[in-house]
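Engineer: Each residue of the sequence shown is one higher than the last, beginning at 1 in full-length UniProt numbering. Cβ atoms here follow ideal geometry from the backbone N, Cα and C, with glycine treated the same way. Input: one structure, supplied below.
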Amino acid sequence: RNVALILKYVQSEKLILSISATFRNPVIFMSLITEARNGNITEEMKKVAEVEGIEPEFVRRGIESGRIVIPVSPYRYTKPCGIGKGLRTKVNASIGTSSDIVDIDMEIEKARVAEATGADTLMELSTGGDFYDIRKKVIDSTTLSVGSVPLYQAFIEAIRKYGSVVEMKEDDL
């Protein structure tokens, strides 16, 4: 349900990439795009500007226009990483289990190696095992922003439940 609410918010803000949020308290937060539209430069914007060697105002304007995003999590620290126009090209590492090999420790090690070797972001693309447990452990093992593809999980769950992806119901999404 939280994901659905976030997606509705993201769609209302006309964002394509994931929400970026700055928390004022655990319940109420203002997104970085709202902060940028209000002319405010947040700590995240300052950190990205410092790493990129550019002015914070450039980052703020990029976020305001939707050409830059800074993925952050309200639940844990993530290394500041600006993605978008006028910023350096980012390196994304993709990891994940398969139906043949489900080894959480191996995925955690992959995440650690990705971070240690300079990856900017991480995609957790598991298609085998306990998705929630794997994702949580991978997220807990890194300070990189971690993304996933929810459709992968929905497809695998449909195969487990119905024997085929084409049998999945709208509510399964």
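Cα-Cα, which of Lys-136, Gly-39, Pro-71 and Thr-127 is closest to residue 196?
Structural biologist: Residue 196 lies beyond the stretch modelled for the chain, which goes from 1 to 173, so this question has no answer here.
Engineer: Which stretch, first to last residue, makes up the beta strand (DSSP E) that contains Val-146?
Structural biologist: 145–147 is the span of the beta strand (DSSP E), which, as asked, contains Val-146.
Engineer: Going by alpha carbons, who is nearest to Val-149 out of Gly-84, Arg-135 and Arg-160?
Structural biologist: Minimum Cα distance to Val-149 is reached at Arg-135.
Engineer: Give the secondary structure of Ile-95 by DSSP, where H, G and I count as helix, E and B as strand, and everything else as coil.
Structural biologist: In this structure, Ile-95 counts as strand in the three-state DSSP scheme.
Engineer: Take the Cβ of Met-106 as the centre, count every other Cβ of all protein chains shown within 10 Å, and call the residue buried at 16 or more, exposed below.
Structural biologist: It is exposed - the Cβ of Met-106 has fewer than 16 other Cβ atoms within 10 Å.
Engineer: If distances are taken between C-alpha atoms only, which option among Ser-94, Leu-151, Arg-67 and Ile-95 comes closest to Gly-82?
Structural biologist: The shortest C-alpha separation from Gly-82 is found at Arg-67.
Engineer: Looking at Ala-111: is its Cβ nearer than 9 Å to the Cβ of Leu-144?
Structural biologist: Yes, the pair counts as a contact, with Cβ atoms nearer than the cut-off.
Engineer: Let me check one thing: in DSSP terms, what residues is Thr-121 bridge-paired to?
Structural biologist: Bridge partners of Thr-121: Asn-92 and Ser-145.
Engineer: Between the Cα of Ser-31 and those of Glu-64, Glu-50, Val-48 and Asp-171, spot the shortest distance and give me the residue it belongs to.
Structural biologist: Ser-31 has its Cα closest to that of Glu-64, out of Glu-64, Glu-50, Val-48 and Asp-171.
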